[in-house]
Amino acid sequence: MAIVLPQGRFNNSTDEEIRKFIAARARIIAVVGLHPNTFKPHTGTKTSILFLQKWNDNPKTGELCPKLEDYPIFFAVSEKGGKDNSGKYIYVKDELGKPKIDGNGHLIIDNDLYNHALNDSNDSKELPDGVAEKFINNLERTFRIDADFYKPDVIEFLSLLSKKNAQSLTNYVKVSDGNHSKITEYLQDYPGVPYYRGKDINTDFFIENARPAYISESKYNQKQMIRSHFLSGDVLLSIKGTIGNLSFITDILKKSTGSRSIAALRPISEISSEYIAAFLRSKYGQVQLKRITRGTIQMEIILEDFDQIQLYPLGAAYVGKANLYNTPIRAICGSSLTLMRPIENLINPYYLLVFLNSSIGKLLTRRSLRGSVQQCIYPFDTKKVPIPLLEKSIQEQIEIAIREGEESFNKSLELLKIAKKAVEIAIEVNEEAANDFRRNNWPATLYVEAPYQQVLSHGFVVDEKGHKMSKSLGNVIDPEDITEQFEGLLKIISPILPFLAEEVYQNVPFYFGFAGQESIQLANYSLNLPVSSDTKEKSELISDFFLPLRQEIYQALEK
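The UniProt record's numbering puts the first residue of the sequence shown at 1, with every later residue one more than the last.
Written as structure tokens, this is what we have:
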């Protein structure tokens, strides 16, 4: 029997007895997780197909399916549903972007549920990776049988973490969640104690950027609320709805609390909350969080599952610094915004910003609201908002405070981005490589301007003596001379260049950088000229990779 069931039946902890009931009466042959768009436009519910065969030990009818204590279950996940979010079919296209046609002249739907032979009988659409096998006695503690939980790439991640001696997250943190009692009628606007909900947890680590609701001090101090008090150092993780976003509580927040859609991870070891946050935001943390997610429509993570998260503890703490450079942003504003351009030497723009965002500023601005359904404030009404002019020195102090706060925030955010990537490198390579990555300040080149003023070295060509080709030295070669003399050879070389580039990309550990004098040494090494590298690892990289690669290139050219 094959039956399509909602995803929750395969992974909800409350449905554990249903899964055990099925397993007691039938062999679970396979579970295939379907793409969320499979049944669109009729429904967008995530589902899976369950394949069963009823146990049969009756000798009169023949042992069609004798009961076994342990046996393998086939798991697979469909990554291509063949439909877009609106339910329209997606078709396979060739390299020119034209739809492919099968032997019967039909368009081919782009899904991975079966192999589809094309015009050429030898050309078939292979199934991608995504198949796994798990023995029934080794299933997760609540007897989960959803295929996503056993995806091969996830198992591979966990295997890598295991080799790195990763331990359960609950060895390093105490896990709790927010308030479980009804709170809606007690929510209020500022001022009060911040009350965070799942939607308030963002992706930039800093809870101060959220816009929480508030509760009174008396409500905050009630007995049933004490367990949900957040403390400095807590890592807050959204566990319902949008799962995987996180922030952490700093010393700035003296008091705060939140709803049950937030898990509070409180460090109980020497591992810092900043490192825990960086790890959980890395791909190794996000993959594991997605893996333990349960449900069909309202997805969630239950607290009991946090012991399945494997945390890689670094051997030593590391601290990094980042330099950021603000760049002017060219932009235009839409009709829903009002552009204010302060008159120079009359009012400081930072002070104006603070005032308009203050409770008094908002009150004065809202007096100008017009309309009933789609309310708005017209520019001519904005001009009538009274602005108190403080002394220029006070306005400047406000600007300095805002600028310093913005700079500190941006630096902190950049450091956390560096830390997240460094964690991944530490797991995949080693901690030394992660520290090299962090010290070189690589993420700054990815997110903002380059962390240097000028380029000291770049790609270049050397002559037969190992000297850099330069017009000032007079040892350059005109490219046209090369083209005329070796036109035939270039036609042979050009087809292999993409494959060569791909091999370099796959094999060179790019956390090593070659710059300046080392670039010249690399060039000399390729010409068998003497080098004097002071770094053993880089010298080995040249001899172990680039020299054999050069030999392979020569052999390819000879052929």
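Virtual Cβ for every residue (Gly too), placed ideally from N, Cα, C.
Three-state class that DSSP yields for residue i in the structure shown
{"i": "Val4", "result": "strand"}
{"i": "Leu337", "result": "coil"}
{"i": "Thr293", "result": "coil"}
{"i": "Ser533", "result": "The pLDDT assigned to Ser533 is 46, lower than 50, so where the model puts this residue is not dependable, and the model offers no usable value."}
{"i": "Val354", "result": "helix"}
{"i": "Leu158", "result": "helix"}
{"i": "Tyr220", "result": "helix"}
{"i": "Asp177", "result": "strand"}
{"i": "Leu415", "result": "helix"}
{"i": "Asp102", "result": "strand"}
{"i": "Ser86", "result": "coil"}
{"i": "Gly233", "result": "coil"}
{"i": "Glu464", "result": "coil"}
{"i": "Glu396", "result": "helix"}
{"i": "Val31", "result": "strand"}
{"i": "Thr365", "result": "helix"}
{"i": "Ala166", "result": "coil"}
{"i": "Phe380", "result": "helix"}
{"i": "Leu280", "result": "helix"}
{"i": "Thr38", "result": "coil"}
{"i": "Leu303", "result": "helix"}
{"i": "Lys240", "result": "strand"}
{"i": "Phe135", "result": "strand"}
{"i": "Phe486", "result": "coil"}
{"i": "Tyr312", "result": "coil"}
{"i": "Gln298", "result": "coil"}
CA-to-CA distance, residue j to residue i, given in whole angstroms
{"i": "Pro66", "j": "Trp55", "result": "6 Å"}
{"i": "Leu303", "j": "Ser13", "result": "11 Å"}
{"i": "Leu231", "j": "Lys254", "result": "8 Å"}
{"i": "Thr382", "j": "Asn348", "result": "17 Å"}
{"i": "Ile215", "j": "Arg141", "result": "39 Å"}
{"i": "Ile3", "j": "Phe51", "result": "7 Å"}
{"i": "Lys46", "j": "Pro36", "result": "5 Å"}
{"i": "Ile207", "j": "Asp305", "result": "24 Å"}
{"i": "Ile49", "j": "Ile183", "result": "40 Å"}
{"i": "Gln397", "j": "Leu353", "result": "14 Å"}
{"i": "Glu270", "j": "Val235", "result": "15 Å"}
{"i": "Ser259", "j": "Gly178", "result": "4 Å"}
{"i": "Glu484", "j": "Ser408", "result": "58 Å"}
{"i": "Glu217", "j": "Ser162", "result": "46 Å"}
{"i": "Val319", "j": "Ser282", "result": "Annotation note: pLDDT 28 at Val319 (below 50); position unreliable, coordinate value reported separately. About 17 Å."}
{"i": "Ala166", "j": "Asn430", "result": "14 Å"}
{"i": "Lys471", "j": "Phe486", "result": "22 Å"}
{"i": "Arg211", "j": "Asp200", "result": "6 Å"}
{"i": "Leu280", "j": "Phe205", "result": "11 Å"}
{"i": "Glu300", "j": "Gly241", "result": "7 Å"}
Classification of residue i by the beta-carbon crowding that lies within 10 angstroms, buried from 16 upward
{"i": "Tyr190", "result": "exposed"}
{"i": "Ile239", "result": "buried"}
{"i": "Thr257", "result": "buried"}
{"i": "Met225", "result": "buried"}
{"i": "His106", "result": "exposed"}
{"i": "Asn357", "result": "exposed"}
{"i": "Tyr196", "result": "buried"}
{"i": "Lys401", "result": "Sequence inspection shows Ala at residue 401; the Lys mentioned does not correspond to that position. Under this definition Ala401 is an exposed residue."}
{"i": "Lys420", "result": "buried"}
{"i": "Arg144", "result": "buried"}
{"i": "Asp15", "result": "buried"}
{"i": "Glu406", "result": "exposed"}
{"i": "Leu389", "result": "exposed"}
{"i": "Gly285", "result": "buried"}
{"i": "Thr61", "result": "exposed"}
9 Å Cβ cutoff met for residue i and residue j
{"i": "Ala278", "j": "Val423", "result": "yes"}
{"i": "Gly33", "j": "Gln53", "result": "no"}
{"i": "Lys83", "j": "Thr38", "result": "yes"}
{"i": "Lys164", "j": "Ile427", "result": "yes"}
{"i": "Glu274", "j": "Leu158", "result": "no"}
{"i": "Ala147", "j": "Phe10", "result": "yes"}
{"i": "Leu289", "j": "Leu237", "result": "yes"}
{"i": "Ile136", "j": "Asp70", "result": "yes"}
{"i": "Lys384", "j": "Ser368", "result": "yes"}
{"i": "Trp233", "j": "Arg266", "result": "The displayed chain sequence assigns Gly, not Trp, to residue 233. Cβ atoms of Gly233 and Arg266: closer than 9 Å."}
{"i": "Val287", "j": "Val154", "result": "yes"}
{"i": "Gln395", "j": "Tyr351", "result": "yes"}
{"i": "Leu176", "j": "Ala76", "result": "It should be noted that the sequence gives Ser, not Leu, for residue 176. Contact flag unset, no."}
Paired residues, beta bridge with residue i - DSSP
{"i": "Phe206", "result": "Phe248"}
{"i": "Asn56", "result": "Cys65"}
{"i": "Pro194", "result": "Tyr214"}
{"i": "Asn111", "result": "Gly81"}
{"i": "Ile49", "result": "Val4 and Val32"}
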